[in-house]
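The structure under discussion appears below in the form of structure tokens.
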Ligand SMILES: [Fe+2]
Ligand SMILES: [Fe+2]
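This is the structure in structure tokens:
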């Protein structure tokens, strides 16, 4: 069973963002699948690094879009992204330092990420989507 199932509530109607969100879900599910069949911590960590990298790319692209369109809640939206990145970086650090040496710690991180991702896309991202659509973006 996939970790995250795409649903209509996650759709923003802004194509570039929907494409990135869907790819993000795909990466998360892929890592989740890996963790079901193997316990190689290195491979799991590498996949996690890939997701973190993609997360930063997506946030940067989304923030640029909001800034270009003078989104009034830009600062608070960016803060949600920044806080999330800090939280995940802390978790990543403790995995790297071996404080949580078990591969299951990677599973915990992606569980946290997937909950956040779903809530964020269905919540905060929908707010900017309404704003952008009113401005005629798609
Ligand atoms: Fe966002
Ligand atoms: Fe987003």
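Numbering (this note's numbering), first residue to last: 613 to 750.
Heads up, the beta-carbon is just placed ideally off N, CA and C, and yes, glycines get one too.
All of these numbers come straight from a predicted model, not from anything done at the bench.
- Message: Which residue marks the beginning of the alpha helix (DSSP H) containing residue 733, and which one marks its end?
- Response: 716-734
- Identify which residue in 707, 682, 660 has its Cα closest to the Cα of residue 641. 660
- Item | residue 664 to residue 630 span [Cα, whole Å] | 18 Å
- Message: Whole angstroms are fine: how far does the CA of residue 652 sit from the CA of residue 721?
- Response: 16 Å
- Query: Excluding sequence positions up to five away, which residues of its chain have a Cβ less than 8 Å from the Cβ of residue 668?
  - Reply: 697
- Query: Mind checking residue 649: buried by the 16 CB within 10 Å criterion, or exposed?
  - Reply: exposed
- Can you tell me whether residue 674 is buried or exposed, with buried defined as 16 or more other CB within 10 angstroms of its CB? buried
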